[in-house]
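> Before I ask anything, let me first share the structure, which is written out below as structure tokens.
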Amino acid sequence: MSCGTCLHQLKEYNFESIFPGCRVMDIHDYLAEKGISVNGAYNTRYIYHDPCHTPLKEGVPIETVNRLIHPKDGSKVQLSERCCGESGTFAVSRPDIASQVRTAKELSLNQAADKLKTDRFSGKIKVLTACPGCLQGMNRYSEATHTTAEFLVVEMMRSKYGDNWLYETVNKLKDGGIEKVLL
């Protein structure tokens, strides 16, 4: 699972009674539990936007993120505080408040990016998140913050398997099923 809202809902389904011994958990927590980590992309540093409905429930989310992805230059992933303003109908129902929330988030992203540039770093800065709504929100800030946004697990896959990882994974699934991909 990689969405806090979905994770919360699925935990209410009582899967244990249907599938004894199963656990419903976030993919990031699972990967961290298994000790899986990757080096980040070349000449790239990262900011993490922790969703309001964070799916990372095991420990401190930014610590989990820093265990999962390691920028190649040894820097740490920076946490960007504050809501992104994308929650459901918030922007439609209360545009006055949502606009203020987005302004504060843009400031938070710029502050996190500035921390990553203190040593005159001039490479790419990516904002990672674990929520589909937040990813949409983070993409709204790209121009103003000079960042790009991506799901954390997608960035991990791209860093480990290259830019064609999705296409190659789908082809492996077509050729032999998920077991061959995972094993």
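Mapping to our numbering: the sequence shown position 23 is 14, numbers consecutive.
Every residue gets a Cβ at the ideal spot worked out from N, C-alpha and C, and that includes glycine.
All values reported here derive from a predicted model rather than from experimental measurement.
Along the alpha helix (DSSP H) that carries Ser66, what are the first and last residues, could you check?
The sequence position of residue 66 within the sequence shown is 75, counting from 1. No alpha helix (DSSP H) holds Ser66; DSSP gives it neither H nor E.
> Which whole-angstrom value describes the C-beta separation of Asp20 and Thr55, a residue pair presumed to lie in contact below a C-beta threshold of 8 Å?
For the purposes of this step, residue 20 is taken as the residue at position 29 of the sequence shown. For the purposes of this step, residue 55 is taken as the residue at position 64 of the sequence shown. Rounded, the Cβ-Cβ distance is 7 Å, consistent with contact.
> Nearest CA to the CA of Cys74: which residue from Asn57, Leu59 and Leu100?
To locate residue 74, count along the sequence shown from 1; it is residue 83. Nearest of Asn57, Leu59 and Leu100 to Cys74, Cα basis: Leu100.
> For the alpha helix (DSSP H) holding Ile18, just list the boundary residues, first then last.
Numbered from its first residue, the sequence shown carries residue 18 at position 27. Run containing Ile18: Ile18 to Glu24, per the alpha helix (DSSP H) assignment.
> With distances taken between CB atoms, is the gap from Ile18 to Tyr37 smaller than 9 Å?
As a position in the sequence shown, residue 18 is number 27, starting the count at 1. As a position in the sequence shown, residue 37 is number 46, starting the count at 1. Cβ distance not < 9 Å, so Ile18 and Tyr37 don't count as in contact.
> Using only the alpha-carbon positions, how far apart do Val15 and Lys2 sit?
As a first step, residue 15 is located in the sequence shown; it is residue number 24 there, counting from the start. As a first step, residue 2 is located in the sequence shown; it is residue number 11 there, counting from the start. Rounded to whole angstroms, Val15 to Lys2 spans 6 Å at the Cα level.
> Cβ of Val68 within 9 Å of Cβ of Tyr33?
Stepping through the sequence shown from its first residue, residue 68 is reached at position 77. Stepping through the sequence shown from its first residue, residue 33 is reached at position 42. No, the Cβ-Cβ distance between Val68 and Tyr33 is not below 9 Å.
> Can you give the Cα-Cα distance for Leu143 and Thr120, rounded to whole angstroms?
Residue mapping note: residue 143 aligns to position 152 of the sequence shown, counting from 1. Residue mapping note: residue 120 aligns to position 129 of the sequence shown, counting from 1. Their Cα atoms are separated by approximately 6 Å.
> Between Glu141 and Lys117, what straight-line distance do the alpha-carbon atoms span, to the nearest angstrom?
For the purposes of this step, residue 141 is taken as the residue at position 150 of the sequence shown. For the purposes of this step, residue 117 is taken as the residue at position 126 of the sequence shown. Those two C-alpha atoms are separated by around 7 Å.
> Might you give, ordered along the chain, the residues of its own chain that have their beta carbon closer than 7 Å to the beta carbon of Pro123, omitting 5 neighbours on each side?
By 1-based counting over the sequence shown, the position of residue 123 is 132. Answer for Pro123: Cys(-6), listed in chain order.
> Apart from the five residues on each side of it in sequence, which residues of its chain come closer than 7 Å, Cβ to Cβ, to Glu97?
Mapped onto the sequence shown, residue 97 falls at position 106. Closer than 7 Å at the Cβ level, and outside the excluded window around Glu97, lie Tyr132, Ala135 and Thr136.
> Between which two residues does the beta strand (DSSP E) holding Phe142 run?
To locate residue 142, count along the sequence shown from 1; it is residue 151. Where Phe142 is concerned, the enclosing beta strand (DSSP E) stretches over Thr139 to Phe142.
> Go ahead and pull the three-state DSSP assignment for Ile116.
Start at 1 with the first residue of the sequence shown, and residue 116 comes out as number 125. It is a strand residue.
> Leaving out five residues on either side along the sequence, give the residues of the same chain with a beta carbon under 7 Å from the beta carbon of Ser66.
Position 75 of the sequence shown, counted from the first residue, corresponds to residue 66. Arg36 and Leu107.
> Check for me: the beta strand (DSSP E) holding Tyr4 runs from which residue to which?
Along the sequence shown, one-based indexing puts residue 4 at 13. Taken as a continuous stretch (DSSP letters only), Tyr4 belongs to no beta strand (DSSP E), as it is neither H nor E.
> Could you give the residue range of the beta strand (DSSP E) that holds Thr109?
Counted from its first residue, the sequence shown places residue 109 at position 118. Element bounds for Thr109: n/a, residue is neither H nor E.
> For Tyr33, does the three-state DSSP call read helix, strand or coil?
Residue 33 sits at position 42 when you count from the first residue of the sequence shown. Looking at Tyr33 - three-state DSSP - the assignment turns out to be coil, as it is neither helix nor strand.
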